[in-house]
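Chains as they are written, first to last, in the working numbering: chain R, 1 to 80; chain C, 81 to 489.
C-beta: ideal position from N, C-alpha, C; glycine also.
This structure is a prediction, so every number in the text was calculated from the model and none was measured.
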């Protein structure tokens, strides 16, 4: 899966399922502070990633994830 | 000991999604029972149910709030919004005062089964999602509503089978009467999905009458079982002083709560337990049985349950013969919610001066002939009513509510 498609899919479920404001979506956006995702939302991110990409994230995968770009990168890495 | 008044009510049921709709249905004797074809395929003996649409909460609540709520909590939210508005209780008030919640609920079958099915399929607990646990716990209603409304008083769920909602109001009454709380959101909620009632249907106690609107016939000779139903009802209880201080509307005053346990069979009700609950409620209310104008019977349309309740009412009230009807003839058995919804139904009758009919009462059962049963809507003033609720395990609750009288301080 190419990078553009990964970004498109993630942005889609963030807006559609997590109800993140569309204009808040930006690579530099902080997942917790800007997108207002809390610890429970991170559990649901694991579910969304599994159903959209067929890969399983674990807690350690999120250690260095701060921005949306970090999140795109971690999925790309998992899929590679 | 202080006075406890009712300052707000809300209802979301199979006979109406708000108090105005429900009042019309009660007055007109309209049944909310439908045939659910999915139940036949699922293996049910009886395919009848009270049908209650899930409220659309998307515009009212955030995703985080919604994903923790199953069917019963969604119904309870809809009823509570109406009750808070009815009580003129604003979020600003809830933010700075210790308002509590006591809700009756005794199952979350769909949420539990759906989440376990998901784990079985995925073989991974994480993939069940973050909302599953909050939907599946029995306290789902109180935990969700207390979070949404930012409540800071008492916060718990009462599980007492089909008397859950009634005991929730009774216990709320005591907490306020004894001065421990000033205002409590009380109520009862009940899921209606097919996963929730399968094992109950398995006992063979649901009606197999093929006519949905004729099947629930409490106290009638031809009754053959109950019809499951659900939704939610909310009753705001408040100390008289708090209500006056807020300038809140006062719709009625809770004056008695009687409870008992049969100490016998797990599912077959008796006569002594319910009689004791009614007598205790009368004693607490410090009124004579002759002062009760109306009894909202628990009567679910089962052969033994209705007969034993009829004997208990006759035993307690003797020659006084208050009007009696079972609103379950229209709503079906709202189970965990019933004790709360039947307070709302009776309050609507008291407010609008009528007795709702016990529909489908065509041939009165021998055991119920001593009662003053109302089979057609009766335009009659009600000043004091008693509402019965009984449940599996032999739990009994009787509540007495009086029209609010400001001159009785």
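Alpha-carbon spacing of residue i relative to residue j, whole angstroms
i, j, result
"residue 62 (chain R)", "residue 77 (chain R)", "13 Å"
"residue 113 (chain C)", "residue 219 (chain C)", "27 Å"
"residue 366 (chain C)", "residue 320 (chain C)", "18 Å"
"residue 480 (chain C)", "residue 284 (chain C)", "32 Å"
"residue 189 (chain C)", "residue 275 (chain C)", "6 Å"
"residue 146 (chain C)", "residue 31 (chain R)", "20 Å"
"residue 90 (chain C)", "residue 251 (chain C)", "19 Å"
"residue 20 (chain R)", "residue 50 (chain R)", "19 Å"
"residue 144 (chain C)", "residue 444 (chain C)", "51 Å"
"residue 203 (chain C)", "residue 197 (chain C)", "10 Å"
"residue 8 (chain R)", "residue 317 (chain C)", "51 Å"
"residue 303 (chain C)", "residue 405 (chain C)", "15 Å"
"residue 255 (chain C)", "residue 117 (chain C)", "44 Å"
"residue 21 (chain C)", "residue 172 (chain C)", "As displayed, chain C neither begins before 81 nor continues past 489, which places residue 21 (chain C) out of reach and without an answer."
"residue 240 (chain C)", "residue 43 (chain R)", "34 Å"
"residue 151 (chain C)", "residue 192 (chain C)", "12 Å"
"residue 297 (chain C)", "residue 471 (chain C)", "19 Å"
"residue 414 (chain C)", "residue 242 (chain C)", "8 Å"
"residue 82 (chain C)", "residue 224 (chain C)", "29 Å"
"residue 460 (chain C)", "residue 433 (chain C)", "5 Å"
"residue 22 (chain R)", "residue 29 (chain R)", "12 Å"
"residue 104 (chain C)", "residue 436 (chain C)", "10 Å"
"residue 478 (chain C)", "residue 178 (chain C)", "27 Å"
"residue 115 (chain C)", "residue 438 (chain C)", "21 Å"
"residue 447 (chain C)", "residue 48 (chain R)", "59 Å"
"residue 17 (chain R)", "residue 37 (chain R)", "12 Å"
"residue 33 (chain R)", "residue 245 (chain C)", "41 Å"
"residue 148 (chain C)", "residue 263 (chain C)", "25 Å"
"residue 122 (chain C)", "residue 427 (chain C)", "38 Å"
"residue 350 (chain C)", "residue 14 (chain R)", "56 Å"
"residue 288 (chain C)", "residue 442 (chain C)", "18 Å"
Helix, strand or coil at residue i [DSSP, three-state]
i, result
"residue 312 (chain C)", "strand"
"residue 445 (chain C)", "coil"
"residue 227 (chain C)", "helix"
"residue 415 (chain C)", "helix"
"residue 61 (chain R)", "helix"
"residue 464 (chain C)", "strand"
"residue 5 (chain R)", "helix"
"residue 221 (chain C)", "helix"
"residue 36 (chain R)", "coil"
"residue 20 (chain R)", "coil"
"residue 337 (chain C)", "strand"
"residue 318 (chain C)", "strand"
"residue 160 (chain C)", "helix"
"residue 183 (chain C)", "strand"
"residue 430 (chain C)", "helix"
"residue 359 (chain C)", "helix"
"residue 488 (chain C)", "Because the pLDDT at residue 488 (chain C) is just 47, under 50, the model does not fix this residue reliably, and the value given afterwards should be weighed accordingly. Three-state result, residue 488 (chain C): helix."
"residue 120 (chain C)", "helix"
"residue 148 (chain C)", "coil"
"residue 78 (chain R)", "helix"
Cβ distance (whole Å) where residue i is taken to contact residue j below 8 Å
i, j, result
"residue 46 (chain R)", "residue 206 (chain C)", "5 Å"
"residue 88 (chain C)", "residue 163 (chain C)", "4 Å"
"residue 93 (chain C)", "residue 102 (chain C)", "6 Å"
"residue 109 (chain C)", "residue 457 (chain C)", "6 Å"
"residue 299 (chain C)", "residue 379 (chain C)", "6 Å"
Cβ-heavy atom distance, residue i to the ligand MG, below 8 Å
i, result
"residue 300 (chain C)", "Ligands displayed in this structure: none; no statement on the ligand MG is therefore possible."
Just checking, does the stretch 91-99 of chain C make contact with the stretch 122-135 of chain C on the three C-beta pairs under 8 Å criterion? yes
Evaluate contact between the stretch 234-241 of chain C and the stretch 277-287 of chain C, counting only Cβ atoms and requiring at least three cross-stretch pairs below 8 Å. no
Count Cβ pairs between the stretch 286-295 of chain C and the stretch 326-337 of chain C that sit closer than 8 Å; are there 3 or more? no
Count Cβ pairs between the stretch 404-423 of chain C and the stretch 301-318 of chain C that sit closer than 8 Å; are there 3 or more? yes
Would you be able to state if there are at least three C-beta pairs under 8 Å between the stretch 442-456 of chain C and the stretch 330-349 of chain C? no
Three-pair Cβ contact test at 8 Å for the stretch 465-482 of chain C versus the stretch 370-380 of chain C: yes
Do the stretch 262-270 of chain C and the stretch 182-189 of chain C touch if we need at least three Cβ pairs shorter than 8 Å? yes
Hey, is the stretch 52-69 of chain R in contact with the stretch 147-166 of chain C, meaning 3+ C-beta pairs nearer than 8 Å? no
Give the list of continuous beta strand (DSSP E) stretches no shorter than 3 residues that lie fully inside the stretch 363-427 of chain C. 374-376 and 403-405
Whole beta strand (DSSP E) elements within the stretch 243-299 of chain C, 3-residue minimum: 263-270
With three or more C-beta pairs closer than 8 Å as the rule, is the stretch 338-346 of chain C touching the stretch 380-389 of chain C? no
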